[in-house]
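Trainee: Below you will find the structure I want to go over with you.
2 protein chains.
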Amino acid sequence: MAELADLGALDMLATWDQLVMMPSGGAEARANQLGALAQLAHERATGEEIGEWLAALEVAQLGDLDRDIVRVARREWERSCRIPADLAAERSRAHAEGQESWRRARANDDFAGFAPALERNVGLARQYGECLTQCGTGPYQELLAEYDFGLETAMLRELFSALGAALPPLAEQVRAHSPRRQLAVPVDVQHTAVRNTLRRVGVDQQGWRLDVAPHPFTAWIGRSDTRLTTRYSDGNVESLLSSLHEYGHGLYERQIDPALVRTNLGRGTSMSIHESQSKLWENHVARSPAFAEVLAGELEGAGFPLAPADLHATLTAVEPSLIRVSADPLTYPLHIILRFELELAMIEGELAVIDLPAAWHDGMQRLLGVEVPSDAQGCLQDIHWGAGSFGYFPSYALGCLIAAQLWEAMESELGPREEDLRRGEVGPIKAWLAEHVHWYGRRLDTIPLIRQATGRSLDIEPFLRYVAPLAARTP
Amino acid sequence: MAELADLGALDMLATWDQLVMMPSGGAEARANQLGALAQLAHERATGEEIGEWLAALEVAQLGDLDRDIVRVARREWERSCRIPADLAAERSRAHAEGQESWRRARANDDFAGFAPALERNVGLARQYGECLTQCGTGPYQELLAEYDFGLETAMLRELFSALGAALPPLAEQVRAHSPRRQLAVPVDVQHTAVRNTLRRVGVDQQGWRLDVAPHPFTAWIGRSDTRLTTRYSDGNVESLLSSLHEYGHGLYERQIDPALVRTNLGRGTSMSIHESQSKLWENHVARSPAFAEVLAGELEGAGFPLAPADLHATLTAVEPSLIRVSADPLTYPLHIILRFELELAMIEGELAVIDLPAAWHDGMQRLLGVEVPSDAQGCLQDIHWGAGSFGYFPSYALGCLIAAQLWEAMESELGPREEDLRRGEVGPIKAWLAEHVHWYGRRLDTIPLIRQATGRSLDIEPFLRYVAPLAARTP
Numbered sequence: 007m008a009e010l011a012d013l014g015a016l017d018m019l020a021t022w023d024q025l026v027m028m029p030s031g032g033a034e035a036r037a038n039q040l041g042a043l044a045q046l047a048h049e050r051a052t053g054e055e056i057g058e059w060l061a062a063l064e065v066a067q068l069g070d071l072d073r074d075i076v077r078v079a080r081r082e083w084e085r086s087c088r089i090p091a092d093l094a095a096e097r098s099r100a101h102a103e104g105q106e107s108w109r110r111a112r113a114n115d116d117f118a119g120f121a122p123a124l125e126r127n128v129g130l131a132r133q134y135g136e137c138l139t140q141c142g143t144g145p146y147q148e149l150l151a152e153y154d155f156g157l158e159t160a161m162l163r164e165l166f167s168a169l170g171a172a173l174p175p176l177a178e179q180v181r182a183h184s185p186r187r188q189l190a191v192p193v194d195v196q197h198t199a200v201r202n203t204l205r206r207v208g209v210d211q212q213g214w215r216l217d218v219a220p221h222p223f224t225a226w227i228g229r230s231d232t233r234l235t236t237r238y239s240d241g242n243v244e245s246l247l248s249s250l251h252e253y254g255h256g257l258y259e260r261q262i263d264p265a266l267v268r269t270n271l272g273r274g275t276s277m278s279i280h281e282s283q284s285k286l287w288e289n290h291v292a293r294s295p296a297f298a299e300v301l302a303g304e305l306e307g308a309g310f311p312l313a314p315a316d317l318h319a320t321l322t323a324v325e326p327s328l329i330r331v332s333a334d335p336l337t338y339p340l341h342i343i344l345r346f347e348l349e350l351a352m353i354e355g356e357l358a359v360i361d362l363p364a365a366w367h368d369g370m371q372r373l374l375g376v377e378v379p380s381d382a383q384g385c386l387q388d389i390h391w392g393a394g395s396f397g398y399f400p401s402y403a404l405g406c407l408i409a410a411q412l413w414e415a416m417e418s419e420l421g422p423r424e425e426d427l428r429r430g431e432v433g434p435i436k437a438w439l440a441e442h443v444h445w446y447g448r449r450l451d452t453i454p455l456i457r458q459a460t461g462r463s464l465d466i467e468p469f470l471r472y473v474a475p476l477a478a479r480t481p
Numbered sequence: 007m008a009e010l011a012d013l014g015a016l017d018m019l020a021t022w023d024q025l026v027m028m029p030s031g032g033a034e035a036r037a038n039q040l041g042a043l044a045q046l047a048h049e050r051a052t053g054e055e056i057g058e059w060l061a062a063l064e065v066a067q068l069g070d071l072d073r074d075i076v077r078v079a080r081r082e083w084e085r086s087c088r089i090p091a092d093l094a095a096e097r098s099r100a101h102a103e104g105q106e107s108w109r110r111a112r113a114n115d116d117f118a119g120f121a122p123a124l125e126r127n128v129g130l131a132r133q134y135g136e137c138l139t140q141c142g143t144g145p146y147q148e149l150l151a152e153y154d155f156g157l158e159t160a161m162l163r164e165l166f167s168a169l170g171a172a173l174p175p176l177a178e179q180v181r182a183h184s185p186r187r188q189l190a191v192p193v194d195v196q197h198t199a200v201r202n203t204l205r206r207v208g209v210d211q212q213g214w215r216l217d218v219a220p221h222p223f224t225a226w227i228g229r230s231d232t233r234l235t236t237r238y239s240d241g242n243v244e245s246l247l248s249s250l251h252e253y254g255h256g257l258y259e260r261q262i263d264p265a266l267v268r269t270n271l272g273r274g275t276s277m278s279i280h281e282s283q284s285k286l287w288e289n290h291v292a293r294s295p296a297f298a299e300v301l302a303g304e305l306e307g308a309g310f311p312l313a314p315a316d317l318h319a320t321l322t323a324v325e326p327s328l329i330r331v332s333a334d335p336l337t338y339p340l341h342i343i344l345r346f347e348l349e350l351a352m353i354e355g356e357l358a359v360i361d362l363p364a365a366w367h368d369g370m371q372r373l374l375g376v377e378v379p380s381d382a383q384g385c386l387q388d389i390h391w392g393a394g395s396f397g398y399f400p401s402y403a404l405g406c407l408i409a410a411q412l413w414e415a416m417e418s419e420l421g422p423r424e425e426d427l428r429r430g431e432v433g434p435i436k437a438w439l440a441e442h443v444h445w446y447g448r449r450l451d452t453i454p455l456i457r458q459a460t461g462r463s464l465d466i467e468p469f470l471r472y473v474a475p476l477a478a479r480t481p
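From first to last, the protein sequence lines are chains A and B. Note that the working numbering has the first sequence beginning at 7, numbered continuously upward. Note that the working numbering has the second sequence beginning at 7, numbered continuously upward.
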């Protein structure tokens, strides 16, 4: 387990380096290096001797922690053993080729050029899910389980259908308002403000880095070696949101019980919980009226004075749009609901790949009320399906829902956070998250963790309460 | 072989990152990650199945390249199989602890505190060398072989004794001159000059990085991903020398025959040849009167005008001193000769660890004519013995000798480089080195490579011809 954890950290380091530091000439060698790591990790994770170890451990007297380690190890080992080596190898090839095909297709707005690769990925994903299917779970639920163990397709259908009914009227309400405003803040001002804001919430030089990456992400190379990335543009203040979003990911990994380090439990439990941690800092801290005072103060300190209310209005402006990654906090989940519906239909064989553009068109009209002018700005905008990632999208919307639910639970225990946030005081938030969410690592899966932290299962009401004022506000 | 090459590259990446990018909090996790890599690489390199593969390959019809791959693989596999796993593990522990002990001892000028760790390292090194000894090679030669296969202890004794007799009178000659002058050039000027100089010799953004590190080194992560480091100080212009020194290491790895990539032959053949490549660029390019015009031009372009002759005088000033890493090009090998004599005597049991400080004292007096005021500035100055590296030091002096010999061979083939260097034209030098040295990778060991490139075995005359003018020059 320790060795696998170490190999995982090296993989993250090599990936971080590739995206942040590596000269472009290193790409070919890096692909080989990452391939060698993946191959070794796969070999070690699926060794036949593991079955014997597990059988021996399952009849041994173990403490609670060791029992959890063995339980999760058994689950993962059995899943990996059910995948034929041929299928695993063919999937990796198909995903690498699919990404290339997607890149070309998007650049040329050529869905037909991408369709064969997508068809292949869908077929392989279905086959993969079928290998894992037990007791009628079905292939989509098994794909979901790769990112979020224990989530059920039926539950997502229900949640997303309720959300897909509740949000469009709110988005419609906003249409009456003026369009989103952007603030033009010089990059060096943003840079200083981001550094100082992060320093306030605990990002020090001993245990963190902050770098620039075209698509911001976070790497946790060690418990005290967290690497955030963000991006800066003169035309907007996305860096303020994105850096706190990434901070949420980083903080989660740092606050896991140190006893879990180098075990199979020593990392975030699922994609949706991870995304809930980033969304909590993005939506509930960075986008709060109270914290806007802190952010505006930092911008002012860096030479760009503005009213906190204006900054807050910019950070929370709502406007239905075409592109997921730049969507506002209210309409963002609608982009995900569309993707969930479509990928589920493709995996279940109810939507042919060739019909995807038309289905996308209809869905954007129905959910967001926008016209899709091209596939490049439509179903070709995301890399995920080209890379063979089916069942990943839901975590983005679940993260928004879970963040809202955790935030309400936290405020009902600690009281409103407004006064603290106005002063930039986030210590109690970090402590509450550590105790109720982070500490467990992978000992609790998504739904048990939510129950444990909030006293009930996942529901959409807290999120609807969070977005209501965004829709109601007149600009 | 490809997998081992990939693991080696990941090790280099993780080490580079640790020294250049990693926040200090990552140290503990990084030690585990590097440990896991080393463990895996060792396991893969010593697998019993390799013996069967080699036996089958040795009776197969193979081309020249494949025969070389098998020959070197056989040699390394047999060496690694002769080391008991216990001994290997105990050495790693002793080396890690020895480094820590050395660090404390140096900080407190406390040789007695370091002696037990050094004693342990010497004992383990001797034992290690004895496991490998065959046909009377002896333990020291086997330690040497870890860095420089094929070098013989007797040959080094002979070379170093001749060099140790020839250099002190030259150093004595310099004593009459005024002391070394340092140039105080602002760090930002050096920074610009270094970047521009490196760009002239071919360092582009697509395939190289240049960063700052307290102890400059080079990492070759991929054939087109070379990472140089240097350091800057207001008080001297060491960065000009150090950056070209590191460039020499980097260029070597980039110009190896691409057919050798991801084989066991696809890297520099030995420590001494590697060091010859860095020393060639440091001593024969950066320290030449002709290239001083280029360097002075770059400093001037960055806002610091000075006469090329003054810069050259600074870069080549000679003054016997206490510390190896800041020694001048003439006296540098004397520091190495002392270390060679002492480590050989310790491994052969002719010098007790406890007598090391006195022997150091005597040697510095005899070879460099300087008085050693403390062990911290004496036998505690280098990390190598604390880290268990015996047989490594000679490569530093051999590099100087080989560089001079290669330079003469190159000039006798291409004609004097002076005119080209004055214009910063290094293309023919790079091409000559590629053809005669770099291309071979590990297909030729140190001595055969020198013979092949220069027509004779290693000798000290070219180096003596190189340093004579440095000693004769009046400041």
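The beta-carbon is built from N, C-alpha and C at its ideal position, and this holds for glycine as well.
1. In chain order, which continuous runs of the alpha helix (DSSP H) of length 4 or greater are located wholly inside the stretch 383-451 of chain B?
2. Please list the terminal residues of the continuous beta strand (DSSP E) segment that includes A/Thr159.
3. Can you list, in chain order, the residues of its chain whose CB lies under 6 Å from that of B/Ala410, leaving out five sequence neighbours each side?
4. Can you tell me whether DSSP reads B/Arg215 as helix, strand or coil?
5. Does DSSP classify B/Thr203 as helix, strand or coil?
6. At a Cβ threshold of 8 Å, is B/Ala102 touching chain A?
7. Please return the same chain residues whose Cβ sits closer than 7 Å to the Cβ of A/Arg423, not counting the five positions on each side in sequence.
8. When you compare the CB of A/Asn38 with every CB in chain B, is at least one pair closer than 8 Å?
9. With a cut-off of 8 Å, do at least 3 Cβ pairs link the stretch 277-288 of chain A to the stretch 239-251 of chain A?
10. May I ask which residues mark the beginning and end of the alpha helix (DSSP H) holding B/Trp366?
11. So for B/Gly104, helix, strand or coil by DSSP?
12. For A/Trp226, list the residues DSSP reports as bridge partners.
13. How should B/Gln147 be labelled, buried or exposed, when 16 other C-beta atoms within 10 angstroms of its C-beta is the threshold for buried?
14. Starting from B/Arg237 and walking both ways along the alpha helix (DSSP H), at which residues does that stretch end?
15. Which first and last residues belong to the alpha helix (DSSP H) in which A/Arg73 is found?
16. From this set, B/Ile342, B/Ala308, B/His341, which residue's C-alpha is nearest B/Val200's C-alpha?
17. Tell me the DSSP secondary structure of B/His318 in three-state form.
18. Determine the burial state of B/Gly32: buried for a count of at least 16 other Cβ atoms within 10 Å of its Cβ, exposed for fewer.
19. Mind reading off the beta-carbon distance from A/Leu359 to A/Val128? Whole number of angstroms is fine, and I expect it under 8 Å.
20. Within this structure, are the beta carbons of B/Asp263 and B/Gly447 separated by less than 8 Å?
21. Answer yes or no: does any C-beta atom of chain A fall closer than 8 Å to that of B/Glu9?
22. When you compare the CB of B/Leu46 with every CB in chain A, is at least one pair closer than 8 Å?
23. Determine the chain A residues that contact B/Trp59 at a beta-carbon separation under 9 Å, and present them in chain order.
24. Of the residues that make up the stretch 189-212 of chain A, which ones have a beta carbon closer than 8 Å to any beta carbon in chain B?
25. Counting only beta-carbon separations shorter than 8 Å, does B/Ala35 have a partner in chain A?
26. Considering only C-alpha positions, which residue in the set A/Trp438, A/Thr143, A/Leu340, A/Glu9 is nearest to A/Leu176?
27. List in chain order: all unbroken alpha helix (DSSP H) runs of 4+ residues lying wholly within the stretch 260-319 of chain B.
28. Once the 5 residues before and after A/Pro295 are set aside, which same chain residues still bring their CB inside 7 Å of it?
29. Between A/Pro314, A/Pro363, A/Arg233, which has its C-alpha nearest A/Gly256's C-alpha?
30. Please identify, using Cβ separations under 8 Å, the residues of the stretch 19-32 of chain A that lie next to chain B, in order along the chain.
31. How long is the line joining the alpha carbons of A/Phe396 and A/Pro145, rounded to whole angstroms?
32. Would you kindly report the start and end of the unbroken alpha helix (DSSP H) that includes A/Cys137?
33. I'd like to know whether the C-beta atoms of B/Trp83 and B/Ile56 end up nearer to each other than 8 Å.
34. So, is the C-beta of A/Ile329 closer than 8 Å to a C-beta in chain B?
35. So B/Ile342 is in the alpha helix (DSSP H); what residue range does that whole segment cover?
36. Go ahead and pull the three-state DSSP assignment for A/Leu93.
Mentor: Let me lay it out:
1. 400-420, 424-428, 433-442
2. Note, A/Thr159: premise wrong, no beta strand (DSSP E); alpha helix (DSSP H) at 159-181.
3. Pro468, Phe469, Tyr472
4. strand
5. Of the three classes helix, strand and coil, the one that applies to B/Thr203 here is helix, per DSSP.
6. no
7. Correct list, in chain order: Glu417, Ile435.
8. yes
9. yes
10. Where B/Trp366 is concerned, the enclosing alpha helix (DSSP H) stretches over 362-374.
11. B/Gly104 falls in the helix class under three-state DSSP.
12. In the DSSP secondary-structure assignment, A/Trp226 is bridged to A/Thr232.
13. buried
14. Secondary structure note for B/Arg237: it is in no alpha helix (DSSP H), with a DSSP letter that is neither H nor E.
15. 70-87
16. When each option's Cα is compared against that of B/Val200, the closest is B/Ala308.
17. helix
18. buried
19. Reading the sequence as shown, one finds Val at residue 359 of chain A and not Leu. With a Cβ gap of about 6 Å, A/Val359 and A/Val128 count as contacting.
20. yes
21. Interface residue, yes.
22. yes
23. In chain order: nothing, as chain A lies at least about 18 Å away.
24. Gln211, Gln212
25. yes
26. A/Leu340
27. 277-285, 295-307
28. His318
29. Nearest option by C-alpha distance: A/Arg233.
30. Result list: Leu19, Ala20, Asp23, Met27, Met28, Pro29, Ser30, Gly31, Gly32.
31. 10 Å
32. 117-138
33. yes
34. For A/Ile329, the closest Cβ of chain B is not nearer than 8 Å.
35. B/Ile342 -> alpha helix (DSSP H) spans 338-353.
36. Helix at A/Leu93.
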